[in-house]
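Each remark here refers to the structure printed beneath this line.
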Amino acid sequence: MLVVHATFPIDPNHRDRAVELMRELAEHSRAEDGIIDYRVNTDIDDPNLFRFVEQYESEAAFGAHVETDHFGEFEAALPELLDGEPDVTRFDVESVSDVEL
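Following UniProt numbering from start to finish, the sequence shown increments by one per residue and tops out at 101.
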């Protein structure tokens, strides 16, 4: 499994447009083959900081995702929406287990 964690600081003046694009991106992404989960959340301390947590079955699924129209639309709009540098981290996961709390 491949996990991507991305953080995007969004310019408050473009927040509404960014939210619209992120909502569309997440909705379309969740329908793709090979995506286990795709979530976008706001930071509890900063409503203009958005965190993506994406889980893919494989490298191929991730590769297919970045070639989609909805990803391309978001990526093209991103420079105008940002209020700082994004931070994107990829994790290659060999095993997964539930944690009891």
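Cβ atoms here follow ideal geometry from the backbone N, Cα and C, with glycine treated the same way. A quick note: this is a predicted structure, and the numbers were derived from the prediction, not measured.
With contacts defined by Cβ atoms closer than 8 Å, residue 72 and residue 57 do not form a contacting pair. Residue 59 and residue 11 have their alpha carbons spaced roughly 31 Å apart. Counting only the Cα atoms, residue 100 lies some 33 Å from residue 24. Residue 41 carries a strand assignment under DSSP once its states are collapsed to helix, strand and coil. Taking the Cα positions, residue 70 is about 31 Å away from residue 97. Spanning the alpha carbons of residue 62 and residue 20 requires a straight line of approximately 22 Å. Note on the UniProt domain "ABM" (2 to 91): whole beta strand (DSSP E) runs with a minimum of 3 residues are 2 to 9, 35 to 42 and 49 to 56, in chain order. 50 is the residue among 94, 50 and 64 whose C-alpha sits nearest the C-alpha of residue 88.
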